[in-house]
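Trainee: Residue numbers (the working numbering): 237 to 488.
After the structure tokens below, expect a handful of questions from me.
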């Protein structure tokens, strides 16, 4: 038994990157997964790759109406909801003095409002033993220069969890945060390629991991395994924690 076998999970931002890895890991462990992402074509492509125990839904996490519709569809398809992973997020850079209102709204709408609506809309369908995992970031405590918007949004996510476990006291619903450092995703390599040139991507990825005690950045699967543990019955007495899945970077 995997601790999540037979469960029904929703993973937002599940069409690519960390979210795709989480959805794949859940299915591999015997769960049924509904992924949500903005673009229907990307959702359909991911579902086809993950397999028959995965289905998809196009939704904007910053829209409470979209999230309400998502969970109604999940209940129609599966009749239950056991695990929610609020993974959808975006990053934006800007030093103080250059940040625009558009950047602020875009970052906080997805990374903060989106987490709120992902969780709040799910509550009517969650029961004792259900789990919620929020995807944070080491930027919540160690934001790099120019990333105050992203770091501030992820700090809000941590404090959501710390408050919500009090709001849900006695419900049997657990909430935890998994905070990765740098993760070797296609989007990271694409961004590095655009900024530095494709020929320098491998060296840049290697350099990003040099200050990490493990000596490298994470594979998305390693983040997915941490999320699977906190979504499983094996972590039944763990709630309100922020687990830094970052190779020790936040500890030194």
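Every residue gets a Cβ at the ideal spot worked out from N, C-alpha and C, and that includes glycine.
All of these numbers come straight from a predicted model, not from anything done at the bench.
#1: Could you check whether the segment 397 to 407 touches the segment 377 to 389, counting it as contact only if at least three pairs of C-beta atoms, one from each stretch, sit closer than 8 Å?
#2: DSSP on residue 237, reduced to helix/strand/coil?
#3: Inspect the beta-carbon positions of residue 244 and residue 259 and report whether they are closer than 8 Å.
#4: Using a 10 Å radius around the Cβ and a threshold of 16 neighbouring Cβ atoms, would you call residue 336 buried or exposed?
#5: Look at the alpha carbon of residue 473 and the alpha carbon of residue 408, and state the distance between them as a whole number of angstroms.
#6: Could you tell me the boundaries of the alpha helix (DSSP H) in which residue 448 lies?
#7: Just the Cα atoms here: how many angstroms apart are residue 426 and residue 339?
#8: Once you ignore the five residues that flank residue 304 on each side, which residues in its own chain have a CB closer than 6 Å to its CB?
#9: Would you say residue 397 and residue 386 are within 8 Å of each other, going by their C-beta atoms?
#10: Going by the CB atoms, is the gap between residue 250 and residue 282 shorter than 8 Å?
#11: Within 10 angstroms of the Cβ of residue 360, are there 16 or more other Cβ atoms? Answer buried if so, exposed if not.
#12: For a quick check, are the C-beta atoms of residue 411 and residue 476 less than 8 Å apart?
#13: Looking only at C-alpha atoms, which of 446, 487, 413 sits nearest to residue 466?
#14: For the beta strand (DSSP E) containing residue 479, list its first residue and its last residue.
#15: According to the Cβ coordinates, are residue 346 and residue 268 closer than 8 Å?
#16: Report the three-state DSSP secondary structure of residue 249 (helix, strand or coil).
#17: Looking at C-alpha atoms only, which residue of 481, 272, 331, 310 is the closest neighbour of residue 293?
#18: Beta-carbon separation of residue 306 and residue 295 under 8 Å?
#19: Taking the DSSP output, what are the residues bridged to residue 370?
#20: Using a Cβ-Cβ cut-off of 7 Å (strictly less than) and excluding sequence neighbours within five positions of residue 239, which residues of its own chain qualify?
#21: Taking C-beta to C-beta, are residue 462 and residue 479 nearer than 8 Å?
#22: In three-state terms, what does DSSP make of residue 271?
#23: What residue from 449, 464, 457 has the CA that sits closest to residue 487's CA?
#24: On a CA-only basis, which of 421, 391, 353 is nearest residue 454? Give me that one, please.
Mentor: On the basis of the supplied data:
#1: no
#2: Low confidence applies to residue 237: its pLDDT is 47, below 50, so where it sits in the model is not reliable enough to give any reading.
#3: no
#4: exposed
#5: 10 Å
#6: No alpha helix (DSSP H) contains residue 448, which DSSP labels as neither H nor E.
#7: 20 Å
#8: 357
#9: no
#10: yes
#11: exposed
#12: yes
#13: Of the candidates 446, 487, 413, the residue whose Cα lies closest to the Cα of residue 466 is 413.
#14: Taken as a continuous stretch (DSSP letters only), the beta strand (DSSP E) holding residue 479 covers 478 to 481.
#15: no
#16: coil
#17: 272
#18: Yes, Cβ-Cβ distance for residue 306 and residue 295 is below 8 Å.
#19: 322, 413
#20: 468, 469, 470
#21: yes
#22: strand
#23: With distances taken between Cα atoms, residue 487 lies closest to 449.
#24: For residue 454, the closest alpha carbon among the candidates 421, 391, 353 is that of 421.
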